[in-house]
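Residues are numbered in our numbering as their position in the sequence shown, beginning at 1, plus a constant of 6.
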Amino acid sequence: MLTVEDNETLCRVGPGTEMGELFRRFWIPAAMSEELLEKDGTPLRVRLLGEDLVCFRDTEGRIGLLHERCPHRRSSLALGANERCGIRCLYHGWKFDVDGNCVDTPGEPPNSALKERVKAVAYPTVEKGGVIWAYMGPPEDQPPFPEYEFLNMPEGHSMVSKVQEECNYAQGLEGTIDTVHAGALHRTVRWHDEGKLAHEQVLYADVDVQHTSYGFRYAGLRKLPDGSTHTRVTIVPFPFFTFIPSPGSTQGRRLVNAWVPRDDVSTWHMQWFFNAEAPIDVEFRKKESGVHIKPDFTKKVGFAEWYNQDREAMKNDYFSGITGVVMQDHAVVETMGPISDRENENLGQSDLAIVTWRRMLIKAARNLARTGELPEILTNSAIDFSAIKSYEQIVPPGHDWKDDIQLEKMFESVE
Ligand code: FES
Ligand SMILES: [Fe+2]
7 MLTVEDNETL CRVGPGTEMG ELFRRFWIPA AMSEELLEKD GTPLRVRLLG
57 EDLVCFRDTE GRIGLLHERC PHRRSSLALG ANERCGIRCL YHGWKFDVDG
107 NCVDTPGEPP NSALKERVKA VAYPTVEKGG VIWAYMGPPE DQPPFPEYEF
157 LNMPEGHSMV SKVQEECNYA QGLEGTIDTV HAGALHRTVR WHDEGKLAHE
207 QVLYADVDVQ HTSYGFRYAG LRKLPDGSTH TRVTIVPFPF FTFIPSPGST
257 QGRRLVNAWV PRDDVSTWHM QWFFNAEAPI DVEFRKKESG VHIKPDFTKK
307 VGFAEWYNQD REAMKNDYFS GITGVVMQDH AVVETMGPIS DRENENLGQS
357 DLAIVTWRRM LIKAARNLAR TGELPEILTN SAIDFSAIKS YEQIVPPGHD
407 WKDDIQLEKM FESVE
């Protein structure tokens with residue numbers, strides 16, 4: 007459980023909130039590149055951390071990300087014309103470039119200096135890994151861009167997708183650092199049938215957590231009959247990423263999730279599938295998610311349709327009766343309500359990673375608010391982001407997963 011006060015700190019992300027200010031110190035995904043391919047094309051409305059923004063690609067291909075309301079009399083710039091290196095407001099024709107500079111005020115006297123004084127709020131952007139990233143914090147705190155492995159894949163080796171989740175970001179994220187749920191919610195057989203997959207046969211796993219310079223990582227450890235240990239290591243970097251091991255992830259096949267808050271009660275669930283060593287099957291990935299989306303990336307089937315849950319399938323086929331892994335995940339967290347009332351939870355040992363994540367984030371947000379101190383991931387220039395990887399493997403008796411592989415220099419405790 008969390009106190010009501012801690013839950014508020016964890017979940018509120020608007021301007022001026024503790025968590026909102028922490029998130030604004032990071033580069034965060036704002037939109038997918040595929041939504042904004044065309045130079046001088048249709049501007050995109052983007053809601054991010056409770057702020058309404060307009061995103062446009064100008065004549066030179068540069069990306070502007072501005073507050074949506076025109077600095078003149080507050081009309082939406084998303085209605086405006088995107089032309090000749092700027093967006094021109096529909097109402098009176100004022101024009102703004104990608105840096106928010108006002109470059110034309112056609113209805114003002116010819117000698118007016120008004121445009122020198124007017125500026126639209128503009129956020130810096132970077133385009134990487136199929137996504138437009140934004141930095142919404144104070145310019146003096148802007149960190150270097152984190153060059154994670156998944157953002158630097160060869161053509162055809164990765165795909166990114168997004169779908170809107172109708173609840174607070176923390177609920178979605180907690181679902182991916184929840185080892186036990188895979189054998190229940192995603193069970194491919196009925197509850198009392200013999201599980202086909204290892205995690206369906208034994209739901210219980212020891213969870214062991216290690217604090218790191220980028221956040222933390224944890225292992226789900228399952229003892230196998232021959233004495234070896236099946237080890238799944240999930241990476242949880244600030245501020246809202248989870249790196250999930252896929253079967254065979256020692257061979258380079260992996261999944262990264264981001265839960266990007268639109269506002270306090272809705273979230274962009276973004277996923278990158280990638281394989282450093284071979285091209286990926288994009289069609290298979292799309293089908294597996296089970297999610298059919300509208301042009302605005304909301305779900306065609308969601309809460310209002312009760313996720314098309316099929317009671318006959320539950321009786322005869324598989325546990326959830328809900329088609330697709332992502333759909334199942336969304337169903338269980340959206341039905342908690344827009345912001346889960348965590349003061350009414352009863353947590354178990356299997357929730358250790360979730361408890362760790364909440365504590366880490368709340369502590370970092372309060373540290374920043376009270377002392378101005380930033381988390382180590384933003385200040386330690388020695389962090390090699392490209393080396394941060396999830397993985398899954400079977401290790402012999404006596405092996406400590408914390409000593410694993412080439413990454414040990416990353417994993418010095420911060421506590
Ligand atoms: S409201 Fe935008 S130009 Fe007047
Ligand atoms: Fe899941």
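We put the CB at the ideal spot given by N, CA and C, even for glycine.
Backbone secondary structure at residue i - three-state DSSP
i    : result
T111 : coil
K125 : strand
N352 : coil
V307 : coil
V186 : coil
M38  : strand
L55  : coil
V166 : strand
L227 : strand
L96  : coil
R317 : helix
V132 : strand
E153 : coil
E66  : coil
Limits of the unbroken alpha helix (DSSP H) element including residue i
i    : result
D12  : 10 to 17
E180 : 175 to 182
L28  : 24 to 29
V339 : 331 to 340
A84  : No alpha helix (DSSP H) contains A84, which DSSP labels as neither H nor E.
I360 : 358 to 377
C-alpha gap between residue i and residue j, whole angstroms
i    : j    : result
Y129 : L72  : 6 Å
E171 : I93  : 30 Å
D147 : S167 : 29 Å
N349 : H187 : The question names Asn, but residue 349 is Glu in the sequence shown. About 21 Å.
E153 : R196 : 42 Å
T194 : H205 : 11 Å
N281 : R259 : 4 Å
A337 : Q177 : 11 Å
T218 : S326 : 35 Å
D110 : G67  : 20 Å
P301 : V307 : 13 Å
R30  : M333 : 29 Å
D269 : L367 : 17 Å
K415 : M276 : Reliability fails at K415, whose pLDDT of 36 lies under 50, so the model's placement of it is uncertain and the value that follows must be treated cautiously. Cα to Cα, K415 sits roughly 29 Å from M276.
First through last residue of the beta strand (DSSP E) which encompasses residue i
i    : result
N263 : 259 to 269
L6   : The first residue shown for the chain is 7 and the last is 421, placing residue 6 beyond what the model contains.
I241 : 235 to 243
A204 : That residue, A204, is in no beta strand (DSSP E); its alpha helix (DSSP H) goes 204 to 207.
H275 : 272 to 281
L384 : No beta strand (DSSP E) holds L384; the alpha helix (DSSP H) holding it covers 382 to 385.
E197 : According to the sequence displayed, residue 197 carries Trp and not Glu. Per DSSP, W197 belongs to no beta strand (DSSP E) and is neither H nor E.
H217 : 212 to 217
I400 : 397 to 401
V104 : Unbroken run through V104: none, as it is neither H nor E.
Neighbour-count burial assignment, residue i, 16 or more Cβ in a 10 Å radius
i    : result
M7   : exposed
R123 : exposed
T248 : buried
L377 : The amino acid occupying residue 377 in the given sequence is Thr; Leu does not appear at that position. Burial call: exposed.
F246 : buried
W33  : buried
K430 : No answer is possible for residue 430: it lies beyond the span of the chain, which begins at 7 and ends at 421.
D103 : buried
T273 : buried
G47  : exposed
Distance between beta carbons of residue j and residue i, contact taken as under 8 Å
i    : j    : result
P251 : E398 : 4 Å
Y224 : D214 : 6 Å
V19  : S234 : Not a contact, Cβ separation roughly 42 Å.
N107 : P49  : Going by Cβ atoms, the distance from N107 to P49 rounds to 17 Å, so no, they are not a contact pair.
V434 : G221 : With the chain running from 7 to 421 in the structure shown, residue 434 is simply not present.
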